[in-house]
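A.B. asks: Take 33 as the starting number for the sequence shown in the numbering used here and just add one per residue.
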Amino acid sequence: MVRFLLLLLLCLLGNSAHAAERLSFRNCTPEQTEHLSQLAEQTQTVVARAITDLEEGSAQPHLLSWFGVTNPARVQAVLSAVLERFTRPPALIFNCTTAGCRPGLMGYAGAHEFFLCPAFFTHLPTLGFDTQMGMLVHELTHLTADTADFAYGPARARHLAARTPTLALRNADSYQFFIESLWSPSLYGAQPFTLSNSCPYAYDGVCDEGLAGGYICPLFTDQADCQPLPANSCRAVLLASP
Numbered sequence: 033m034v035r036f037l038l039l040l041l042l043c044l045l046g047n048s049a050h051a052a053e054r055l056s057f058r059n060c061t062p063e064q065t066e067h068l069s070q071l072a073e074q075t076q077t078v079v080a081r082a083i084t085d086l087e088e089g090s091a092q093p094h095l096l097s098w099f100g101v102t103n104p105a106r107v108q109a110v111l112s113a114v115l116e117r118f119t120r121p122p123a124l125i126f127n128c129t130t131a132g133c134r135p136g137l138m139g140y141a142g143a144h145e146f147f148l149c150p151a152f153f154t155h156l157p158t159l160g161f162d163t164q165m166g167m168l169v170h171e172l173t174h175l176t177a178d179t180a181d182f183a184y185g186p187a188r189a190r191h192l193a194a195r196t197p198t199l200a201l202r203n204a205d206s207y208q209f210f211i212e213s214l215w216s217p218s219l220y221g222a223q224p225f226t227l228s229n230s231c232p233y234a235y236d237g238v239c240d241e242g243l244a245g246g247y248i249c250p251l252f253t254d255q256a257d258c259q260p261l262p263a264n265s266c267r268a269v270l271l272a273s274p
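1. What is the C-beta distance between residue 75 and residue 168, in whole angstroms, given that I count them as a contact (C-beta under 8 Å)?
2. Helix, strand or coil for residue 59 per DSSP?
3. DSSP has residue 127 in a bridge; who is on the other side?
4. Between which two residues does the beta strand (DSSP E) holding residue 139 run?
5. Less than 7 Å separating the beta-carbons of residue 205 and residue 180?
6. Grab the span of the alpha helix (DSSP H) containing residue 107 for me, first residue to last.
7. Measure the C-alpha to C-alpha separation of residue 126 and residue 155 and round it to an integer number of angstroms.
8. Give the single residue among 124, 148, 123 and 144 whose Cα lies nearest to the Cα of residue 134.
9. Is it buried or exposed for residue 83, if we count other Cβ within 10 angstroms and need 16 for buried?
10. What are the uninterrupted segments assigned as alpha helix (DSSP H) that are 4 or more residues long and contained completely in the region 165-201, given in chain order?
11. Please tell me whether residue 176 and residue 117 are closer than 7 Å, where the distance is taken between their beta carbons.
12. Note the first and the last residue of the continuous alpha helix (DSSP H) segment covering residue 93.
13. I'd like the list of long-range same chain contacts for residue 225, defined as Cβ closer than 7 Å, with 5 residues on each side in sequence excluded.
14. Report yes if the C-beta distance between residue 187 and residue 234 is below 7 Å; otherwise report no.
15. State the start and end residues of the unbroken alpha helix (DSSP H) segment that holds residue 210.
16. Tell me residue 249's beta-bridge partners as DSSP assigns them.
17. Helix, strand or coil for residue 41? Go by DSSP, reduced to three states.
18. Relative to the C-alpha of residue 196, which candidate in 100, 58 and 81 has its C-alpha closest?
19. Determine the DSSP secondary structure at residue 152, reduced to helix, strand or coil.
20. Leaving out the 5 sequence neighbours to the left and right, which residues in its chain are closer than 8 Å to residue 214 when beta-carbon positions are compared?
21. Assign residue 211 to one of two classes, buried (16 or more other C-beta atoms within 10 Å of its C-beta) or exposed (fewer than that).
22. In terms of alpha-carbon separation, which member of 130, 55, 227 and 157 lies closest to residue 73?
Below is the structure:
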């Protein structure tokens, strides 16, 4: 019994040491360190679940929405590389810094190091799009799969998937939103691109049709965010006129 307990203790210590080797922290408070450790574990869990969903076929609607393809092989390969990066050396470094930070910048990545600005901890949600977990996935696809930034934002990423799937498969934000939409099933992550939401700013929560919002898009191209026009409204009458 004593030998068994000793072996169990050595095993637990070994696992703990291995976990410590996988992540390293610089300039972070104890609270930030604990939060980032939990975030890393959560990200691994969600990415692993996404890979399983792709293998089982349950993620097909999301696959079409964000990548415009039905074959999950490329997406699985990228996410597998992201998941593997958490467990192989050298350790990932989280650097809680203000260096290089500017208003609106949440953080940036180096070869093996994530530089996290103060806004990362205060301005990013835990659910939805553009989350802390999503940012981590985004940057890890850059590091592990050489993704690029062809389209930023959910609407533009969906637009890219509909028009140029080959680029969507190489777009970092596409992987971020794919993961986030699976994690937050209440989102519109499985909605396909349609002409009625072809405005580049569709699904941003602001009506961008005509003069109604901050951006100008043709009428009836941002129906996700705009209220349907009354049949007798001036705009509806003008649109229906020959």
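Glycine included, every Cβ here is placed at the ideal spot set by N, Cα and C.
C.D. replies: In this structure, then:
1. 5 Å
2. coil
3. 58 and 147
4. 139-141
5. no
6. 105-117
7. 18 Å
8. 148
9. buried
10. 186-195 and 197-200
11. yes
12. 92-99
13. 190, 191, 193 and 194
14. yes
15. 204-215
16. 241
17. With a pLDDT of only 34 at residue 41, under the threshold of 50, the placement of this residue in the model should not be trusted, and no figure is reported.
18. 100
19. helix
20. 78, 81, 82, 85, 91, 94 and 221
21. buried
22. 55
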